[in-house]
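As given, the protein sequences belong to chains U and R, one line each in that order. Under the numbering used here, the first residue of the first sequence is numbered 1, with each subsequent residue one higher. Under the numbering used here, the first residue of the second sequence is numbered 567, with each subsequent residue one higher.
Protein chains: 2
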Amino acid sequence: MTDPTPLPHRPDQAVRPAGAGEPDHDVAILGAGIAGSLLACVLARNGVRVLLLDAGTHPRFAVGESTIPYTSVLLKLVAERYQVPEIRHLASFHALRQHVTDSGGLKRNFGFVYHRQGRPQRPEEINQFVIPKLLHHESHLFRQDVDAYLTNVAVRYGATLHQHVRIEDIDIDGAGVHLGGARGEEFHARYLVDCSGFRSPVAAKFGLREEPSRLRHHSRSLFTHMIGVQPFDDVMTPRGAYRNPSPWHHGTLHHVFDGGWLWVIPFDNHPESKNPLCSVGLTLDPRRFGDLGGGGPEAEFDAFLRRFPDIARQFRTAQTVRPWVSTGRLQYSSTRTVGDRFCITSHAAGFIDALFSRGLTNTLEVVNALGYRLIEACKDDDFSAARFRFVEDLEQGLVDANDDMVHGAFVGFRDYQLWNATFRTWAISTVLGTFMLEGVYDRLRRTGSDRELRDLEHAKYVGSPFPTHAGCNEMLQRTSATCQEVDRGELDAAVAAGRIFDDLASAEFIPPPLGLAQRENKFFHATPPRMARSMRWAMTSAPGDMRDILLGAVRGFARDKVAPHG
Amino acid sequence: MTDPTPLPHRPDQAVRPAGAGEPDHDVAILGAGIAGSLLACVLARNGVRVLLLDAGTHPRFAVGESTIPYTSVLLKLVAERYQVPEIRHLASFHALRQHVTDSGGLKRNFGFVYHRQGRPQRPEEINQFVIPKLLHHESHLFRQDVDAYLTNVAVRYGATLHQHVRIEDIDIDGAGVHLGGARGEEFHARYLVDCSGFRSPVAAKFGLREEPSRLRHHSRSLFTHMIGVQPFDDVMTPRGAYRNPSPWHHGTLHHVFDGGWLWVIPFDNHPESKNPLCSVGLTLDPRRFGDLGGGGPEAEFDAFLRRFPDIARQFRTAQTVRPWVSTGRLQYSSTRTVGDRFCITSHAAGFIDALFSRGLTNTLEVVNALGYRLIEACKDDDFSAARFRFVEDLEQGLVDANDDMVHGAFVGFRDYQLWNATFRTWAISTVLGTFMLEGVYDRLRRTGSDRELRDLEHAKYVGSPFPTHAGCNEMLQRTSATCQEVDRGELDAAVAAGRIFDDLASAEFIPPPLGLAQRENKFFHATPPRMARSMRWAMTSAPGDMRDILLGAVRGFARDKVAPHG
Chain U
1 MTDPTPLPHR PDQAVRPAGA GEPDHDVAIL GAGIAGSLLA CVLARNGVRV
51 LLLDAGTHPR FAVGESTIPY TSVLLKLVAE RYQVPEIRHL ASFHALRQHV
101 TDSGGLKRNF GFVYHRQGRP QRPEEINQFV IPKLLHHESH LFRQDVDAYL
151 TNVAVRYGAT LHQHVRIEDI DIDGAGVHLG GARGEEFHAR YLVDCSGFRS
201 PVAAKFGLRE EPSRLRHHSR SLFTHMIGVQ PFDDVMTPRG AYRNPSPWHH
251 GTLHHVFDGG WLWVIPFDNH PESKNPLCSV GLTLDPRRFG DLGGGGPEAE
301 FDAFLRRFPD IARQFRTAQT VRPWVSTGRL QYSSTRTVGD RFCITSHAAG
351 FIDALFSRGL TNTLEVVNAL GYRLIEACKD DDFSAARFRF VEDLEQGLVD
401 ANDDMVHGAF VGFRDYQLWN ATFRTWAIST VLGTFMLEGV YDRLRRTGSD
451 RELRDLEHAK YVGSPFPTHA GCNEMLQRTS ATCQEVDRGE LDAAVAAGRI
501 FDDLASAEFI PPPLGLAQRE NKFFHATPPR MARSMRWAMT SAPGDMRDIL
551 LGAVRGFARD KVAPHG
Chain R
567 MTDPTPLPHR PDQAVRPAGA GEPDHDVAIL GAGIAGSLLA CVLARNGVRV
617 LLLDAGTHPR FAVGESTIPY TSVLLKLVAE RYQVPEIRHL ASFHALRQHV
667 TDSGGLKRNF GFVYHRQGRP QRPEEINQFV IPKLLHHESH LFRQDVDAYL
717 TNVAVRYGAT LHQHVRIEDI DIDGAGVHLG GARGEEFHAR YLVDCSGFRS
767 PVAAKFGLRE EPSRLRHHSR SLFTHMIGVQ PFDDVMTPRG AYRNPSPWHH
817 GTLHHVFDGG WLWVIPFDNH PESKNPLCSV GLTLDPRRFG DLGGGGPEAE
867 FDAFLRRFPD IARQFRTAQT VRPWVSTGRL QYSSTRTVGD RFCITSHAAG
917 FIDALFSRGL TNTLEVVNAL GYRLIEACKD DDFSAARFRF VEDLEQGLVD
967 ANDDMVHGAF VGFRDYQLWN ATFRTWAIST VLGTFMLEGV YDRLRRTGSD
1017 RELRDLEHAK YVGSPFPTHA GCNEMLQRTS ATCQEVDRGE LDAAVAAGRI
1067 FDDLASAEFI PPPLGLAQRE NKFFHATPPR MARSMRWAMT SAPGDMRDIL
1117 LGAVRGFARD KVAPHG
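Structure (structure tokens):
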């Protein structure tokens, strides 16, 4: 542990070979992807001597490209709390282009178009969440650039980076962590964080994978980058049949159907784009969707498009520019994520599904909780598991909350009205959670104290996007339970949808002007008039906690417009 | 061979698995790097059914980042001749940023700073070639982005791309080319171009490597990307000791010394840069420079910096952000590059040294010569080696010309005055060659006829940057012979330098206002007044061919400013 101000590196430090003579580091991080690099930035910026190890090297392909407002507020919170302004640059499309890379796409909405196999898409079976103008535009992150950017930032703050290092031996004792690489490299640190992925060396070493997993959701995925994907807006006839407020191609488009969903994440969807690619991924519950005939992912995708001609239109001129990635079951979990001197995080700990863009938000929540604990543990020279207990609870809670949400969504995909209902419970929980965090962020900026963030760790619903609110979380739990009843065949989907809509109608914490209880209102669209009416509601008839949350967020937005950071 | 207008691909074409059932292609290209992708663009745009195969995938690290005016005029020529405007976008820093990627660096000059081991750098021992304002700014290409861009363009024009395909079996007969991949893939085409690299499958199959190589030059290289490399302008004291017209950091900086050179190619050298990286590569003649003590490339670079403290200043805050690449001897050549139904090009055929940025120009010259031959061969269904004879001569000539030039330069590095002299023969030949090609490009644009380009193939000095000019090539040959005499210990370096300076002074084809014969003028700096005086010389007392070349180029520049393409 050195001073909290990063020291400039001596020239020989850049060129010293790895080996037995290497000076000790405080924290070794496995994986220089987005999770490991974010954590390395946070720690190195605050004087922790970070060793960042990766089995491969940048640049490299990665998915998980779509940000949501919840991602952006977490990016701002982490940037502010740990004083890493470079992380703030990822928190809006504008800042991303100005400071990081011009390869990203624009995200003004989340679009959901419901399809039935072999039948024409019904223009009324759609949903769209339009990101309020009050917030920044979100982004489609071209991950190869963003991930390398964050690694570079970590190195600039003093992290020691070694790539092409595959860790095979891990030995943890009272003195510290000893790591051995496949080519005989040796490393030594005081704590180990595994940010790698499914094949986590730490999970393997300590037998942390939960077998069988407790997770209910079950899916596999095929994904790639394509060129020549046409905007869905341009291929559907008749033009104007859809009344969605924001063009599908200005956001992340989800084609949803019984048994799965398909993501369409364009990078070419704004006038200054120089990136012609589009991220495309098909996620299926193989228990329900059935076989696509094999023959490799290209053939499977082709077979899929034949079943959904209205989706296929968008791909008439599309060609892959990289090999498809085809996965087995995506879901895995861990019995434990924290031990003495180690922690496994993010995709090393577990994974559910890309559906609600929770991968990056979960990563940020864990970095946020882990960062200050590690900084303090380094100062105190106490790395016992007890200090990291909350990180364990958070990681398990995040996986469970995401599992409930995605499982419910997949059950919803069986019946449009059930999806139409469950969509809203997800949307309102993430929006209200974002607003709550925007207020926290504003107060953090003004006071410089992270007290409120520490207090938030005592919230009851750890892992929920809106962890402080009983009403919202009880509604999420009822929605999940309802979907499970449908899944077990004990409840009719239409009845289930009605139950959830009733729940939405009676929820006191939902601003009525948003119209979430109206089935025929397919859009979550907080227009300025609706926002104004929601604010009036907040000031006059909302429950006190909701008033505070909404007003706190709006105050923050206003201040951010006057004195934006980044 | 389909129509010359590219056909839109059918959706099933994007998703058909590779295999025995694959329809035939006209030309299979191995390697989707910059050479293979450029050729694929040119062919696919003109209706050739291209199969582009690569053992790996984008994005990936590559060096060869620095363009020269000769590169840019070739990019324009190829773009115009084959009607691929996307290639034109690489021909200037401005167009690159506008159309391709904002990751590139600016190149306003080639700087050479001469160092002596263990002694302070002498501020008068420098050379700088300033790119005339008349031309565009050149670029430092961030190759991972540019290479992927060109692959994407090729796919957009209809090339079929398969990645992660390692070709292990090659069978060529009268019926065509049969390719077998490591995982059992099968491909069939009418012609095979190997654009891969040193480990060319075609060179291996047909035993084409020249062993031992005829090449005189001998070097190895260590290279990486770094962060935190400081501008050389900022670290040398006293400030202002250097009188170079353009800041070192606004171009490609070459630290040269007896036994080798070090490249510094920043991407962060302009106000809008978002790319903090700098390409750094050390190239050494191990026969002359001696051992750096081993311990891996990081340790070797460290040892190198200890020998050159004035170079080390630039690297005080530098850190690598990717693993070093360390090569063996860089030079290799082929006994033959063309056969019935196959050709090996570019780095699959041979390589010399990155010193004069000839890798990309050589690639473009070969693509230019190979493109129309393949288009015509496809139409005629005649792929006999005889039709590609010029490509063979060109490839061998390019390697030999580059070998002469770099070998002479390395001999020059032994003595500043000899380098000061040989530098000028390289500079004038590439500048006059560029001017000649600018005139050809202008006439191609105006007439639409490639007749002049076909006639150029009959020039005597095939492979030279200025192949039409006897006087210039004879001077290059005398320079090379002089350096070889020094190399053999038969001639004193100072005497050799004098001889080359005398040659420069008496060369009728060199515009006298450039002052190339004056030892104390360390800069090749065509300021507007010097350009004006050179033009007056061209119109009044220059040899007729030089008058035509200079006026032709200036006319072209003027027209390009009025109606730029890209």
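Where a beta carbon is used, it is the ideal one built from N, C-alpha and C, also for glycine.
Residues that residue i contacts on chain U, provided the C-beta gap is smaller than 7 Å
i, result
"R/Val887", "Thr151, Asn152, Val155, Leu161"
"R/Thr667", "Lys274"
Contacting residues, own chain, Cβ-Cβ under 6 Å from residue i (five flanking each side not counted)
i, result
"U/Val130", "Asn109, Pro245, Ser246, His525"
"U/Ala505", "Ala517"
"R/Arg1113", "Ala1104"
"R/Ala1063", "Gln983, Leu984, Ala987"
First and last residue of the uninterrupted alpha helix (DSSP H) at residue i
i, result
"U/Gln477", "470-487"
"U/Leu504", "493-506"
Contacts of residue i in chain R (Cβ-Cβ under 9 Å)
i, result
"U/Phe61", "Thr623, His624, Pro625"
Own chain residues within Cβ distance below 7 Å of residue i, not counting five before or after
i, result
"U/Val73", "Thr434, Leu437, Glu438, Tyr441"
"R/Phe956", "Ala935, Glu1023"
"R/His815", "Pro797, Phe798, Asp799, Pro832, Asn835"
"R/Arg873", "Gln683, Gly684"
Proximal chain U residues relative to residue i, where beta-carbon distance stays under 9 Å
i, result
"R/Thr849", "What R/Thr849 touches in chain U: nothing, since even the nearest Cβ is about 17 Å away."
One or two residues paired with residue i in a DSSP bridge
i, result
"R/His681", "R/Phe823"
"R/Ile532", "Any property of residue 532 of chain R remains undetermined from this structure, which presents chain R solely from 567 to 1132."
"R/Val759", "R/Ile595, R/Cys909"
"R/Asp932", "Looking at the sequence itself, residue 932 of chain R is Val, so the reference to Asp does not match. R/Val932 pairs with nothing; no bridge assigned."
"U/Val264", "U/Leu253, U/Val280"
"R/Tyr898", "R/Phe917"
"R/His1091", "R/Val696"
"U/Gln319", "U/Ile227"
"R/Ser892", "R/Leu788"
Run of the beta strand (DSSP E) containing residue i, from where it starts to where it stops
i, result
"U/Met226", "220-227"
"R/Asn693", "692-696"
"R/Glu704", "704-706"
"U/Thr160", "160-162"
"U/Gly448", "Looking at the DSSP string, U/Gly448 is not in any beta strand (DSSP E), and its letter there is neither H nor E."
"R/Gly671", "671-673"
"R/Leu617", "616-619"
Chain U residues whose Cβ lies nearer than 8 Å to that of residue i
i, result
"R/Ile793", "Asn152, Val155, Arg156"
"R/His730", "Pro323"
Closest Cα partner of residue i within the set the options
i, options, result
"U/Glu186", "U/Leu53, U/Gly36, U/Asp545, U/Gly350", "U/Leu53"
"U/Gly181", "U/Pro271, U/His164, U/Gln396, U/Glu365", "U/His164"
"R/Pro1079", "R/Met1097, R/Pro804, R/Ser900", "R/Met1097"
"R/Ala878", "R/Asp947, R/Arg765, R/Asp1016, R/Gly794", "R/Gly794"
"R/Asp947", "R/Arg955, R/Glu958, R/Arg907, R/Asp966", "R/Arg907"
"R/Lys673", "R/Phe659, R/Ala807, R/Gly742", "R/Phe659"
"R/Phe922", "R/Arg1099, R/Tyr636, R/Thr1045, R/Asp592", "R/Tyr636"
"U/Pro405", "U/Thr482, U/Arg183, U/Cys378", "Residue identity check: residue 405 of chain U is Met in the sequence provided, not Pro. Nearest of U/Thr482, U/Arg183, U/Cys378 to U/Met405, Cα basis: U/Thr482."
"U/Val325", "U/Arg316, U/Gly339, U/Gly515, U/Val280", "U/Val280"
"R/Asp868", "R/Thr886, R/Val1128, R/Pro852", "R/Thr886"
"R/Asp590", "R/Gln962, R/Ala741, R/Pro832, R/Arg1102", "R/Ala741"
"R/Thr893", "R/Ser899, R/Pro875, R/Leu848", "R/Leu848"
"U/Thr237", "U/Pro309, U/Ile549, U/Ile344, U/Leu134", "U/Pro309"
Cβ shell of residue i (< 8 Å), same chain only, five flanking positions each side left out
i, result
"R/Ser912", "Ala601, Cys761, Gly925, Asn928, Thr929, Val932"
"R/Glu690", "Lys1088"
"U/Arg60", "Gln144, Asp147"
"U/Asn46", "Pro4, Tyr82, Gln83, Gly371, Ile375"
7 Å Cβ cut-off: residues of chain R touching residue i
i, result
"U/Gln144", "Pro625"
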